[in-house]
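For the sequence shown, the numbering used here begins at 16 and goes up steadily by one.
Glycine is no exception: its CB is placed at the ideal position from the N, C-alpha and C atoms.
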Amino acid sequence: MDRERLFGGNPLGVIIRLAVLSIVVGIVLSALDIHPANIIERLGLLIRRIYDMGFGLFQNAFGYLILGAVVVVPIWLLTRLFSAARDRDQR
Numbered sequence: 016m017d018r019e020r021l022f023g024g025n026p027l028g029v030i031i032r033l034a035v036l037s038i039v040v041g042i043v044l045s046a047l048d049i050h051p052a053n054i055i056e057r058l059g060l061l062i063r064r065i066y067d068m069g070f071g072l073f074q075n076a077f078g079y080l081i082l083g084a085v086v087v088v089p090i091w092l093l094t095r096l097f098s099a100a101r102d103r104d105q106r
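Have a look at this one:
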C-alpha cells in the first residue's frame, strides 16, 4: 500500500492540513472554554455512567446510536463526496 493512499494524499500536505485544522478547532474549543482536562474528565464521567447503567445501556443503545449517527454520518458522507469528486477530477 503506498503512502499517498494510506494518508489520503501527499503525507506532508495531510500533516499540514491536520495541523491547520487542529489549530482552528483548538481556537473554537478554547472560545467555548473547553480544555483537554474537561474532555478527559467528561470521558471518565461517561465511562462511570455507562458502568452504573449496567443493562440500562442496552435499552439506551439505540438512542446513543441515533445521537452519534447525527454527527458521524454527515461527516462520513461529506468525506466520501469529496473523495469521489477528487477521484473523478484525477481521471
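### Query
Nearest-angstrom Cα distance between I38 and A46?
Rounded to whole angstroms, I38 to A46 spans 12 Å at the Cα level.
### Task
Output the distance between the C-alpha atoms of L33 and R57, rounded to the nearest integer angstrom.
A straight line joining the alpha-carbon of L33 with that of R57 spans about 24 Å.
### Query
Given N75, which residues of its chain have a CB within under 8 Å of its CB, disregarding the five upstream and five downstream residues?
Within the same chain, N75 has close Cβ partners M68.
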